[in-house]
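> Going line by line, the protein sequences match chains H and Y.
Take the first sequence: its letters are residues 3 to 317, numbered as in this note's numbering.
Take the second sequence: its letters are residues 3 to 317, numbered as in this note's numbering.
Number of protein chains: 2
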Amino acid sequence: MMADPTHSKPEPGAKPEPGAATTGPLFARVALIGLGLIGSSLGRVMKRESLAGVIAGTARTEATRQKALELGAIDHAFDDAPGCVADADLVVICAPLGAYADIATAMAPGLKPGAIVTDVGSVKQMVIRDLAPALPDGVHLVPAHPVAGTEHSGPEAGFAELFEGRWCILTPPPGTDARAVEKVAQLWRGAGSLVDIMEAGHHDKVMAITSHLPHLIAYTIVGTATDLERQLQAEVIKFAAGGFRDFTRIAASDPVMWRDIFLNNREAVLEMVGRLTEDLAVLQRAIRWGEGEKLEEIFTRTREIRRSIIDAGQA
Amino acid sequence: MMADPTHSKPEPGAKPEPGAATTGPLFARVALIGLGLIGSSLGRVMKRESLAGVIAGTARTEATRQKALELGAIDHAFDDAPGCVADADLVVICAPLGAYADIATAMAPGLKPGAIVTDVGSVKQMVIRDLAPALPDGVHLVPAHPVAGTEHSGPEAGFAELFEGRWCILTPPPGTDARAVEKVAQLWRGAGSLVDIMEAGHHDKVMAITSHLPHLIAYTIVGTATDLERQLQAEVIKFAAGGFRDFTRIAASDPVMWRDIFLNNREAVLEMVGRLTEDLAVLQRAIRWGEGEKLEEIFTRTREIRRSIIDAGQA
Chain H
3 MMADPTHSKP EPGAKPEPGA ATTGPLFARV ALIGLGLIGS SLGRVMKRES LAGVIAGTAR
63 TEATRQKALE LGAIDHAFDD APGCVADADL VVICAPLGAY ADIATAMAPG LKPGAIVTDV
123 GSVKQMVIRD LAPALPDGVH LVPAHPVAGT EHSGPEAGFA ELFEGRWCIL TPPPGTDARA
183 VEKVAQLWRG AGSLVDIMEA GHHDKVMAIT SHLPHLIAYT IVGTATDLER QLQAEVIKFA
243 AGGFRDFTRI AASDPVMWRD IFLNNREAVL EMVGRLTEDL AVLQRAIRWG EGEKLEEIFT
303 RTREIRRSII DAGQA
Chain Y
3 MMADPTHSKP EPGAKPEPGA ATTGPLFARV ALIGLGLIGS SLGRVMKRES LAGVIAGTAR
63 TEATRQKALE LGAIDHAFDD APGCVADADL VVICAPLGAY ADIATAMAPG LKPGAIVTDV
123 GSVKQMVIRD LAPALPDGVH LVPAHPVAGT EHSGPEAGFA ELFEGRWCIL TPPPGTDARA
183 VEKVAQLWRG AGSLVDIMEA GHHDKVMAIT SHLPHLIAYT IVGTATDLER QLQAEVIKFA
243 AGGFRDFTRI AASDPVMWRD IFLNNREAVL EMVGRLTEDL AVLQRAIRWG EGEKLEEIFT
303 RTREIRRSII DAGQA
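1. Grouping DSSP H, G and I as helix and E and B as strand, with all else coil, what is residue 315 of chain Y?
2. Touching or not, the segment 105 to 112 of chain H and the segment 178 to 198 of chain H, by the rule of three or more beta carbon pairs under 8 Å?
3. Reducing DSSP to helix, strand and coil, say where residue 125 of chain Y ends up.
4. Does residue 169 of chain Y come out as helix, strand or coil in the three-state DSSP assignment?
5. Are the C-beta atoms of residue 199 of chain H and some chain Y residue less than 9 Å apart?
6. Would you call the CB atoms of residue 265 of chain Y and residue 289 of chain H closer than 9 Å?
7. Counting only Cβ-Cβ distances shorter than 8 Å, please list the residues of the segment 218 to 241 of chain H near chain Y, keeping chain order.
8. Sorted by chain position, which residues of the same chain lie with C-beta nearer than 7 Å to residue 216 of chain Y's C-beta, five sequence neighbours on each side aside?
9. Can you check DSSP and say which residues form a bridge with residue 198 of chain Y?
10. Rounding to the nearest angstrom, what Cα-Cα distance links residue 225 of chain H and residue 137 of chain Y in this structure?
11. Please give me, in chain order, every unbroken run of the beta strand (DSSP E) with length at least 3 that falls completely inside the segment 41 to 123 of chain Y.
12. Which residue or residues does DSSP assign as beta-bridge partners of residue 29 of chain Y?
13. What's the gap between the Cα of residue 60 of chain Y and the Cα of residue 158 of chain Y?
14. How many whole angstroms separate the CB atoms of residue 228 of chain Y and residue 304 of chain H, which I take to be in contact at a CB cut-off of 8 Å?
15. Note down, in chain order, each residue of its chain lying with its Cβ closer than 8 Å to the Cβ of residue 260 of chain Y, except the 5 sequence neighbours on either side.
16. Residue 169 of chain Y and residue 144 of chain Y look like a contact to me (Cβ under 8 Å); what is the Cβ gap, rounded to whole Å?
17. Does DSSP put residue 137 of chain Y in a helix, a strand or coil?
18. Of all Cβ atoms in chain Y, is any one closer than 9 Å to the Cβ of residue 173 of chain H?
19. Which residues does DSSP pair with residue 146 of chain Y in a beta bridge?
20. Rounded to the nearest angstrom, how far is the Cβ of residue 46 of chain Y from that of residue 74 of chain Y, given a contact under 8 Å?
21. Can you give me the C-alpha to C-alpha distance between residue 230 of chain Y and residue 196 of chain H, rounded to a whole angstrom?
22. Buried or exposed for residue 190 of chain H, going by 16 or more other Cβ atoms inside 10 Å?
23. For residue 38 of chain Y, decide whether its Cβ has a neighbour in chain H, counting only Cβ atoms nearer than 9 Å.
24. Could you check if residue 309 of chain Y is buried or exposed, using at least 16 other CB atoms within 10 Å of its CB as the buried criterion?
25. Measuring CA to CA, which of Y/146, Y/140, Y/80, Y/275 is closest to residue 94 of chain Y?
26. Any beta-carbon of chain H closer than 9 Å to the one on residue 100 of chain Y?
27. Straight-line CA distance for residue 23 of chain Y to residue 91 of chain Y?
28. At what residue ranges does the segment 221 to 303 of chain Y contain a whole run of the alpha helix (DSSP H), taking only runs of 4 or more?
29. Which residue's Cα is closest to the Cα of residue 130 of chain H: H/175, H/114, H/87?
30. Whole angstroms is fine: what's the gap from residue 317 of chain Y's alpha carbon to residue 166 of chain Y's?
31. If you run the structure through DSSP and keep just helix, strand and coil, what is residue 218 of chain Y?
32. In whole angstroms, what is the alpha-carbon distance linking residue 117 of chain H and residue 36 of chain H?
33. Going straight from the alpha carbon of residue 153 of chain Y to that of residue 162 of chain Y, what length do you get?
34. Would you call the CB atoms of residue 210 of chain H and residue 199 of chain H closer than 9 Å?
35. So residue 159 of chain H is in the alpha helix (DSSP H); what residue range does that whole segment cover?
36. Give the interface partners of residue 310 of chain Y over in chain H, defined as CB-CB distance under 7 Å, in chain order.
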């Protein structure tokens, strides 16, 4: 899948298009802030699809930066955000949500007028809250969330195909330049994703149920097993194939990333936990009182949702 | 993997070995009661590994029996259990737990002296409670539980490799003939499984946490999503890749089988639900009060369990 090379030809007399480059790749220079699973995957697919002319990258540790260079996910490594974003047409923040405010403050003075700032975070209202006030006028903020990932972390966990066939949700604040939004959409389509645009608060509600609650529950159940007497715990590991191992896979996701997601989508997550707790109490009572018909009815309904997901090609 | 052909040579003067056959396959004649995912997989692997001379099978519906015949999972189809078990050296009950008592009563008069009766159910204490009293003297009861499966049901979902590298737990009641236990163990080793022997009550406790609780939680969370407003529900399906889809896979498992598991392992499951609810409350509170360190610590611990499962080869 190649990006359309005609995308950036300006109309005669038009204002310069956000994101600069007028010929060649979609973005002449891209800065990746954070080079973990997502940042390194994005760098690789941008290379493969020629979506970026030059990719600069920064990460907290020298080891991560070196690894990303070796893997070809970036062309140049910088040891801080201000150096990394200099002259960039597109800046992609691929760091835990808790680091956003500091990154924004640090990089703001180095941002080129007309640059687009985007991110890959799993919560979107707080992104706008933390990033927007720090960005200089003339810089475009287009928050994004690729709904893709694995339980592995770090640059070596990345791969160019991670986003293929998956959704990427953009949540531009009201009044965002439409051309900036379209350029970020083109980036994700070029990476193989389907693009959707959504209001940030609505995004956070949808993710609370489809992603944040499942992770919270997986962390809980694996934690419950961790607290068992040692003998029973050894057997839990041995016989994990009965269903438990699927939860351990989810509960192996990056701890800092998930800490920040829960802290930054607090209200929506707590609302969903409340609903879940009520529903669990209903099942618990049905088991206690031996209400077989009720159990069978619930279990039959849930089977249908699986079919819908298979039909939607997201299984 | 071939079964050891020397297994059934009787010592001079020894009592006839349980399960009859003295030369050739491990069991001369096997009866499968129930031909769903497990029954049909077992039939196929017994064929492939020449573990059975002749396989008779029965299922509730004519369609299932015909399908199992077509797939080569059985040699002969019977429309009732008494006909199916006639002259069988091994009877394997592969039906939902709720049907066990009726099956035992129906087949008891047709069982050959010395026959071994086993099963594949996910709860073991109730198996002994429901089956043992109905079986005639001289018939050996060796309950078994292959810890393997998929979310699919029916004979066409079965495959000969289902049990490979997975555990099969035997829970023979005290005093069970050791040779009968060994023959059932040989059957499962022949199917590619690792065999473990455990007290039935302990088995039920281990499975409550490794299998029954994960399924209950998956059913709950998918049920919670099913109750959302229609618009939100459509988006849950669309964006299921964020974690939710793993739960829908588990929650697509056979409703009747799982109804019976929860009804028959009530105490152990409710005990685990209680522990989980407490642990969930702790996480909920940490999110509400913004206790980032506590969240990160819990999420780091759960990551370690995943590593243990990978190390144990059960991932």
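For each residue, glycine too, the CB sits at the ideal point set by N, CA and C.
Answer, in terms of the structure:
1. DSSP places residue 315 of chain Y outside both helix and strand once states are collapsed to three, so it counts as coil.
2. Between the segment 105 to 112 of chain H and the segment 178 to 198 of chain H there are fewer than three inter-stretch CB-CB distances shorter than 8 Å, so the stretches are not counted as touching.
3. In the structure shown, residue 125 of chain Y adopts coil according to DSSP, grouped into three states.
4. DSSP places residue 169 of chain Y in strand when its eight states are reduced to three.
5. Not a single CB atom of chain Y sits nearer than 9 Å to the CB of residue 199 of chain H.
6. Yes, the Cβ-Cβ distance between residue 265 of chain Y and residue 289 of chain H is below 9 Å.
7. Listed in chain order, the positions of the segment 218 to 241 of chain H with a beta carbon within less than 8 Å of a beta carbon of chain Y are 218, 219, 220, 221, 222, 223, 224, 225, 226, 227, 228, 229, 230, 234, 237, 238, 239, 240, 241.
8. So the qualifying residues of the chain are 252.
9. Answer is Y/171, bridged to residue 198 of chain Y.
10. Going by the C-alpha atoms only, they are around 42 Å apart.
11. Listed in chain order, the complete beta strand (DSSP E) runs (minimum 3 residues) inside the segment 41 to 123 of chain Y are 54 to 60, 78 to 80, 92 to 95, 118 to 121.
12. According to the DSSP secondary-structure assignment, residue 29 of chain Y is paired through a beta bridge with Y/54.
13. So the alpha carbons of these two residues sit roughly 15 Å apart.
14. Taking C-beta atoms under 8 Å as the contact rule, residue 228 of chain Y and residue 304 of chain H qualify, at a distance of about 7 Å.
15. The residues are 217, 221.
16. Not confirmed; about 16 Å, so no contact.
17. DSSP places residue 137 of chain Y in coil when its eight states are reduced to three.
18. Not closer than 9 Å to any Cβ of chain Y, the Cβ of residue 173 of chain H fails to qualify, so no.
19. Answer is Y/172.
20. With 8 Å as the limit, residue 46 of chain Y and residue 74 of chain Y qualify as a contact, their Cβ atoms being about 7 Å apart.
21. When rounded, the distance between both Cα atoms is 24 Å.
22. Burial is judged here by how many other beta carbons sit within 10 angstroms of a residue's own beta carbon; residue 190 of chain H has at least 16 and is buried.
23. Answer no: the Cβ-Cβ gap between residue 38 of chain Y and chain H never drops below 9 Å.
24. With fewer than 16 other CB atoms across the displayed protein chains lying within 10 angstroms of its CB, residue 309 of chain Y is exposed.
25. Closest by alpha carbon: Y/146.
26. Taking 9 Å as the CB threshold, residue 100 of chain Y lines the interface with chain H.
27. Only weak support exists for where residue 23 of chain Y lies, its pLDDT of 49 falling under 50; the coordinates are left without a value.
28. Segments of the alpha helix (DSSP H) lying fully in the segment 221 to 303 of chain Y: 232 to 240, 246 to 252, 257 to 266, 268 to 290.
29. When H/175, H/114, H/87 are compared, the shortest CA-CA separation from residue 130 of chain H is found for H/175.
30. Distance between the alpha carbons of residue 317 of chain Y and residue 166 of chain Y is about 13 Å.
31. Residue 218 of chain Y falls in the helix class under three-state DSSP.
32. Near 18 Å, if we compare the C-alpha coordinates of residue 36 of chain H and residue 117 of chain H.
33. Between the alpha carbons of residue 153 of chain Y and residue 162 of chain Y lies a gap of roughly 16 Å.
34. Going by C-beta atoms, residue 210 of chain H is not nearer than 9 Å to residue 199 of chain H.
35. Segment: none, residue 159 of chain H is in no alpha helix (DSSP H) and carries neither H nor E.
36. Identification of chain H residues near residue 310 of chain Y by a Cβ-Cβ cut-off of 7 Å yields 239, ordered along the chain.
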